[in-house]
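Q: Residue numbering for the sequence shown is 0 to 187, as defined by numbering that gives the first Met the number 0.
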Amino acid sequence: MDGRDRARGVRLRRSVAVALALAGMLAGCGLVEPKQTYEQAYEAMRPDAMAAMGEAWPGVEMAEYSAEREECGGLDISADKNASKIQQGVTYRGQVPSGDRRSIEELARAVGEGLLERGWRNGSSTRSPDEGDLKFAEELPGEVLLTMEKPGVRGWVSVSAYVGLQKRNSVSVDLVTECLRNPEWEKR
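(1) Name the one or two DSSP bridge partners that residue 168 has.
(2) When we look at the beta-carbon of residue 219 and count the other beta-carbons within 10 Å, is it buried (16 or more) or exposed?
(3) Is it true that the CB of residue 122 sits closer than 8 Å to the CB of residue 158?
(4) Would you kindly work out how many angstroms separate the C-alpha atoms of residue 61 and residue 160, rounded to a whole number?
(5) Can the beta-carbon of residue 88 be found less than 8 Å from the beta-carbon of residue 173?
(6) Assign residue 27 to one of three DSSP states: helix, strand, or coil.
(7) Rounded to whole angstroms, what is the Cα-Cα separation between residue 154 and residue 40?
(8) Alpha carbons only, please: which of 135, 50 and 139 is nearest the one belonging to residue 146?
(9) What does a CB cutoff of less than 8 Å around residue 141 pick up in its chain, not counting 5 residues either side in sequence?
(10) Do residue 83 and residue 167 have their C-beta atoms within less than 8 Å of each other?
(11) Given this structure, state the Cα-to-Cα distance separating residue 105 from residue 143, to the nearest angstrom.
(12) In chain order, what residues of the same chain lie with their CB nearer than 7 Å to the CB of residue 179, ignoring the 5 residues before and after it?
(13) Under the DSSP definition of a beta bridge, which residues are partnered with residue 139?
(14) Report the three-state DSSP secondary structure of residue 44 (helix, strand or coil).
(15) According to DSSP, what are the bridge partners of residue 85?
(16) Anyone know if the C-beta pair for residue 120 and residue 138 falls short of 8 Å?
(17) By Cβ distance, which residues of its chain are closer than 7 Å to residue 45, with the 5 residues on each side in sequence left out?
(18) Alpha carbon to alpha carbon, what distance is there between residue 52 and residue 72?
(19) Does the beta-carbon distance from residue 169 to residue 91 come in below 8 Å?
(20) Taking the straight line between their C-alpha atoms, what separation do you get for residue 109 and residue 117?
Okay, structure coming up:
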């Protein structure tokens, strides 16, 4: 191997290092598309959340309160967003029967424990992750909020318990995806 071959090898290794660094930067900036779609993220969260709600709040009829899809595609610096990426959020709400004497903290914690048993973790990567015991993201007068995430899924679940109308405890669960690829956009 002569000097030119060694120099070519050094240049090649440097080029590969630069390419890998650039790919890492693009992924960190969100310019490299995640493979997971907003629909896949939602469907990966929904069964666990529904099962945990059913186990934690027997007798509470949870109704879909709202479902929203927000267009979040396009360049971050652009004020115009398009549907190439979507963030989906669905809220389920219910009212706790008057005979259920659990506190709002106990109501929220019951769903959180059900999610922990299914492999979820407290917090979320974008909203202060916590290790170990369940910790409330917020505790306001008459309301508690618990945020959970499922590893490998780009989204989170927020469990809220609060004192509602007529001093009855109410509960809600929000399933929210990150801003993720919309597979329908490619078909246009």
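All residues carry an ideal CB built from backbone N, CA and C; glycine is no exception.
As the structure is a computational prediction, the values presented were derived from the model and not from experiment.
A: Inspection of the coordinates gives the following:
(1) Answer is 162, bridged to residue 168.
(2) Residue 219 cannot be examined here, being either before or after the span of the chain that is shown, 0 to 187.
(3) For residue 158 and residue 122, no; Cβs fall outside 8 Å.
(4) Looking at the two C-alpha atoms, the distance is approximately 13 Å.
(5) Taking 8 Å as the Cβ cut-off, residue 88 and residue 173 qualify as a contacting pair.
(6) Its pLDDT being 46, under 50, residue 27 is placed unreliably in this model, and the coordinates cannot settle the point.
(7) Approximately 7 Å between the Cα atoms of the pair.
(8) Looking from the CA of residue 146, the closest CA among 135, 50 and 139 belongs to 135.
(9) Result list for residue 141: 103, 161 and 162, in chain order.
(10) Not in contact: residue 83 and residue 167 (Cβ atoms no closer than 8 Å).
(11) Rounded to the nearest angstrom, the two C-alpha atoms are 10 Å apart.
(12) The answer, listed in chain order, is 33, 35, 36, 37, 40, 84, 85 and 153.
(13) Residue 139 pairs with 142.
(14) The three-state secondary structure of residue 44, taken from DSSP, is helix.
(15) Per DSSP, 70 and 179.
(16) With a cutoff of 8 Å on beta-carbon distance, residue 120 and residue 138 are scored as not near each other.
(17) These residues qualify, in order along the chain: 174.
(18) Going by the C-alpha atoms only, they are around 32 Å apart.
(19) No; because the gap between Cβ atoms is not below 8 Å, this pair is not in contact.
(20) Taking the Cα positions, residue 109 is about 13 Å away from residue 117.
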